[in-house]
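As structure tokens, the structure follows; a few thoughts come after it.
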Amino acid sequence: MTSTATSSRRSGVEGLRFVGPERLARNLQSVLVDLIELHLQGKHGVAGLACGVDHLVELNR
Numbered sequence: 471m472t473s474t475a476t477s478s479r480r481s482g483v484e485g486l487r488f489v490g491p492e493r494l495a496r497n498l499q500s501v502l503v504d505l506i507e508l509h510l511q512g513k514h515g516v517a518g519l520a521c522g523v524d525h526l527v528e529l530n531r
């Protein structure tokens, strides 16, 4: 038995979009920039740590 009926939880709201205040957009942009900076600092820290570990391994050889 096959069913041709489909249900969608969003069927009644497809045309609706949230439009927030300009202040919200600026704040979200600021948070995004901060998260990207934090991500890059984390990558740099991990790379530096790996380099330090490589240096210790070389010293112990």
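Those letters in the sequence shown? Residues 471 to 531, by the numbering used here. A virtual CB, placed ideally from N, CA and C, is assigned to each residue, including glycine.
Annotation: the continuous alpha helix (DSSP H) that includes V503 extends over 492-530.
Residues of the same chain with a CB within less than 8 Å of the CB of G512, apart from the 5 flanking positions on each side, do not exist. If you draw a straight line from the Cα of V527 to the Cα of L508, it comes to about 28 Å. Rounded to whole angstroms, the gap between the alpha carbons of E484 and V516 is 43 Å.
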